[in-house]
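Visitor: Under this note's numbering, the residue at position 33 of the sequence shown is numbered 36, and the numbers go up by one with no gaps. Dropping the structure in here first, questions after.
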Amino acid sequence: MTKLLEAILIEGIESGNDVQIWRCPLPLPNALRAVNGYLMRGGGEVVAIDPGFHNEETIGTWERHLAKLSLRWEDITSIVVTHYHPDHCGLAGWMQRKTKAPVWISQETRNIMKNMWGVSEEFTPTPWEQVTMPTELSILFSEHGMPDSWGIRMMEHFHSFQELVTPQPIKAHCLDLVVGAKIELAGLAWSVLKAEGHASGQRMLWQAERGWMFCADHVLPDISPNISVLVNEDANPLETYMQDLQAAQHFQVKRAFPGHRGVITRWEQRIQELLDHHEMRLEQISRLVRECAPVQAWTLVPKLYNKIETDQQMRFAFAEMIAHLWYLECEGTIFSERKEASIWFS
Ligand SMILES: [Zn+2]
């Protein structure tokens with residue numbers, strides 16, 4: 004196993020009785036290279052957080068992580084899913100069946116997972132024609148100027164995740180991550196916090212006494228989390244993101260455990276950097292719209308992002324552009340006009 008995918012003890016001591024947190028990196032076939040699963044041990048419990056994709060490579064990596072901690076699958080007593088992105092939630096249904104542990108997941112996350120990849124709690128995926136969100140997203144992207152050739156690639160890209168998130172967690176064995184609730188995990192009390200914008204339904208877990216935060220992809224150490232757009236969900240995800248970031252800034256956090264990369268120790272400053280980054284982007288984009296008006300979102304993408312190599316990078320860049328345009332439109336800086344099946348900004 005490469006060093007990148009080795010489990011690392013980040014809280015607690017190796018042989019102590021106190022709560023231990025292990026960062027358990029899982030393989031990711033893109034530039035990020037790894038997504039963080041976590042194992043938390045304490046109070047006679049073993050909690051697995053964000054189990055990764057459902058594929059053989061991830062299962063094998065978990066087996067090595069568990070072996071390093073002298074644990075077996077059956078020792079896992081609960082599973083937490085922070086958000087609906089497949090690199091975080093994909094294996095949850097499989098792990099639930101393997102361990103018989105309940106899955107803590109928000110109701111919104113479960114709903115979006117079903118809209119994105121189908122209702123199946125079975126190992127057989129839902130027929131792709133019956134899954135609504137990818138088609139709706141393709142229409143949205145086309146309205147914003149994405150050419151048909153790219154539209155086809157996007158559909159294939161969405162479809163490619165379906166087997167990586169199948170089967171989905173069984174509803175009867177899910178526990179709802181309700182915003183504002185306090186839940187007990189590993190013998191400690193955790194507050195459930197809303198952390199949306201990167202992903203609708205995303206939740207963070209905060210432990211007040213120790214100043215610990217499982218912050219999912221809401222705050223990342225050296226990457227600006229992508230802002231997602233969906234159909235019939237949040238109409239201004241960037242505003243939601245910035246509001247939830249500002250709210251998160253007020254919590255006392257000594258150490259935050261993100262969905263990618265290492266522990267965050269500069270919580271408030273890191274959040275401020277992310278807020279500043281989006282303010283800067285909003286200024287750039289409103290200037291671009293003024294220069295190019297009337298203009299479609301698609302045309303603006305290469306003016307802001309010069310190194311797009313993969314379908315995933317294109318989806319992220321395009322969604323991020325649309326999210327910023329929606330924000331500027333909601334605050335009245337720019338306006339949009341529909342001409343037949345296309346949307347133009349001025
Ligand atoms: Zn994510």
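A virtual CB, placed ideally from N, CA and C, is assigned to each residue, including glycine. Keep in mind that this is a model prediction, so the values were computed, not measured.
1) Taking only the alpha-carbon atoms, compute the straight-line gap between residue 120 and residue 238 and give it to the nearest angstrom.
2) Using only CA atoms, which one of 18, 38, 31, 84 lies nearest to residue 72?
3) Determine whether the beta carbon atoms of residue 241 and residue 326 lie at a separation below 8 Å.
4) Run the CB neighbour count on residue 117, radius 10 Å, all protein chains shown included, and call it buried at 16 or more, exposed below.
5) Starting from residue 217 and walking both ways along the beta strand (DSSP E), at which residues does that stretch end?
6) Alpha carbon to alpha carbon, how far is residue 336 from residue 220? Give it in angstroms, no decimals.
7) Report the partner residues of residue 42 according to the DSSP bridge assignment.
8) What do you get for residue 57, buried or exposed, if any count of 16 or more other CB atoms within 10 angstroms of its CB means buried?
9) In terms of residue numbering, what span does the beta strand (DSSP E) encompassing residue 179 cover?
10) Write down the C-beta distance between residue 41 and residue 217 rounded to the nearest angstrom, noting that I regard them as a contact closer than 8 Å.
11) State the DSSP-derived secondary structure class of residue 224, mapped to helix, strand or coil.
12) So, helix, strand or coil for residue 144, using DSSP?
13) Any heavy atom of ligand 1 closer than 7 Å to the beta-carbon of residue 160?
14) When we look at the beta-carbon of residue 227 and count the other beta-carbons within 10 Å, is it buried (16 or more) or exposed?
15) Tell me the residue span of the alpha helix (DSSP H) that contains residue 304.
16) Please name the residue, chosen from 298, 295, 305, 67, that lies closest to residue 9 on a Cα-to-Cα basis.
17) Just to confirm, does residue 379 get its C-beta within under 7 Å of one of the non-hydrogen atoms of ligand 1?
18) So what does DSSP say about residue 260, is it helix, strand or coil?
19) Do residue 262 and ligand 1 come close, with the Cβ less than 7 Å from some heavy atom?
20) Following a CB-centred definition, is residue 250 positioned closer than 7 Å to any heavy atom of ligand 1?
21) To the nearest angstrom, how far is the alpha carbon of residue 352 from that of residue 230?
22) With distances taken from CA atoms, which of 250, 191, 224 is nearest residue 269?
23) Using a Cβ-Cβ cut-off of 7 Å (strictly less than) and excluding sequence neighbours within five positions of residue 12, which residues of its own chain qualify?
24) Any heavy atom of ligand 1 inside 7 Å of the beta-carbon of residue 327?
Guide: According to the structure shown:
1) 21 Å
2) 18
3) yes
4) buried
5) 215-219
6) 28 Å
7) 25, 51
8) buried
9) 177-179
10) 7 Å
11) coil
12) helix
13) no
14) exposed
15) 300-307
16) 67
17) This structure gives no information on residue 379, because the portion of the chain shown stretches from 4 to 349.
18) strand
19) yes
20) no
21) One cannot answer for residue 352 here, as it falls past the ends of the chain, which runs 4 to 349.
22) 224
23) 23, 25
24) no
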